[in-house]
Each structure stands twice: as C-alpha cells, then as structure tokens.
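Chains as they are written, first to last, in my numbering: chain V, 1 to 112; chain D, 113 to 227. No residue lacks a Cβ here, since even glycine has one placed at the ideal position from N, Cα and C. Down below is the structure, laid out as structure tokens.
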Amino acid sequence: LAKTTQPISMDSYEGQEVNITCSHNNIATNDYITWYQQFPSQGPRFIIQGYKTKVTNEVASLFIPADRKSSTLSLPRVSLSDTAVYYCLVGDPTDSWGKLQFGAGTQVVVTP
Amino acid sequence: DAGVTQSPTHLIKTRGQQVTLRCSPKSGHDTVSWYQQALGQGPQFIFQYYEEEERQRGNFPDRFSGHQFPNYSSELNVNALLLGDSALYLCASSDYKGTNTGELFFGEGSRLTVL
Chain V
1 LAKTTQPISM DSYEGQEVNI TCSHNNIATN DYITWYQQFP SQGPRFIIQG
51 YKTKVTNEVA SLFIPADRKS STLSLPRVSL SDTAVYYCLV GDPTDSWGKL
101 QFGAGTQVVV TP
Chain D
113 DAGVTQSPTH LIKTRGQQVT LRCSPKSGHD TVSWYQQALG QGPQFIFQYY
163 EEEERQRGNF PDRFSGHQFP NYSSELNVNA LLLGDSALYL CASSDYKGTN
213 TGELFFGEGS RLTVL
C-alpha cells in the first residue's frame, strides 16, 4: 500500500473553495486514489475516487496529474458543515479492498 | 435501507476484562471489516471477514478476534483488555461481488474506555 502525505490542518471561510493536496510518490499502476470524510464520533464516509485526470461528483472534485504522484481534493464553496477530517488513501481496490490504510488525515475547519 | 449498525455505542471496562462488539452490515453487503481509531488518529485496520472466515488481518495481536455469522453480521472480541485498547471501534461493510471500487460503508462506532 502506497504511503500518503497530506497537510495536518487547513482553515477556510464559508463560501471559499478548499483544496487539499495529497502526495503519493510510490503509487502503483493498479492503485486508485480515494478520499474519505469523517465527522467527530462518526465513521468515515466515502467522498470520491479516481485513477487519473479529473473526477467530479455532487460533493467534490478530484484532480490527478499525469504522473499520479499527487492528487488534489477540491471542495467548492464550503459551509460550516464541511468541517471534518479528510483522509487520502491509495490502494488497489481489488487487492487491498476492505483493508484501507488511513493516515492522520487533514483537519479542515470552516469558519463564518 | 438501514446502514451499518453497531452496538453498544459506548462501554466502559477495566483492565484484564474481555469485550464483545457487534456489527450488522448494510443491507446487501456480505463483507465486514473492523477498524480501531485512537483519539486524534486515523482508523487502523484490524481484520476483515467474508464467508464467515477471516480473510485479511492487520497488525493486531491475537487478543483481537472476530466472527462472522451466516446472516453476515459480525462480532469483534478483545481479551485481556489494556489501557491502550481504549478507542473508537469502527465496523465497515461492503459487497464482495460488487464493483470493487473500494468504497466501504462505516458505522458510527463503539466507544470503548478501559480503566
């Protein structure tokens, strides 16, 4: 499982765009990049997953450059309810599936 | 459609005791994984159950054991509790024959405090 590095914390104001970059220099060919969100005293929640280029859903966008050694989770126009810990994970869903390797995550704090 | 449910939500034990935590997976899911999350840290993988067998295991001692029942529900047992076992224990379910996207559905956890 590839190791990931992401910032410990980020602060933002309501309505701004938040971009969290994750480094994964040792990503393998079959690895996907997945992001989870976790609120206090709750289990993590799947946000988005991608392999290359750009993926967008109703919650976020995921940008992956051609070398795939990093990725950026983009949260558009954040609100107070987006205050949470965000985890970047890298792995092969068909191999490490079910065995996710979480790091410490990025604590995002949104203020009015 | 019920999501992943865990019980109990909170419990307090003393060192040396044993604890059993329970998990019911999301409807339609057949695989259960257990995670331990210490305060301020990310979840750490304990083990995964599919077809009533332990399929993968993380770096946890044999004091941690589990079981999966024919209805796909699961139990996590921890023997000889240590103070360091105090944590939020998370259960996650998935569908083995699904799209294999790696998406896990987590419950809200069982908060264990060891005194």
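Identification of chain D residues near residue 54 of chain V by a Cβ-Cβ cut-off of 8 angstroms yields none; the smallest Cβ-Cβ distance measures about 17 angstroms. Using a Cβ distance threshold of 8 angstroms, residue 78 of chain V and residue 105 of chain V do not count as a contacting pair. Considering only D:205, D:158 and D:163, the residue with the shortest C-alpha distance to residue 188 of chain D is D:158. For residue 223 of chain D, the pairing in a beta bridge is given by DSSP as D:122 and D:200. Taking 8 angstroms as the CB threshold, residue 151 of chain D stays off the interface with chain V. At a beta-carbon threshold of 9 angstroms, the residues of chain V lying near residue 220 of chain D are 41, 42 and 43, ordered along the chain. DSSP lists no beta-bridge partner residue for residue 164 of chain D. Taking a beta-carbon distance threshold of 8 angstroms, residue 166 of chain D does not count as an interface residue toward chain V.
Between residue 73 of chain V and residue 89 of chain V, the beta carbon gap of about 11 angstroms keeps them out of contact (Cβ cut-off 8 angstroms).
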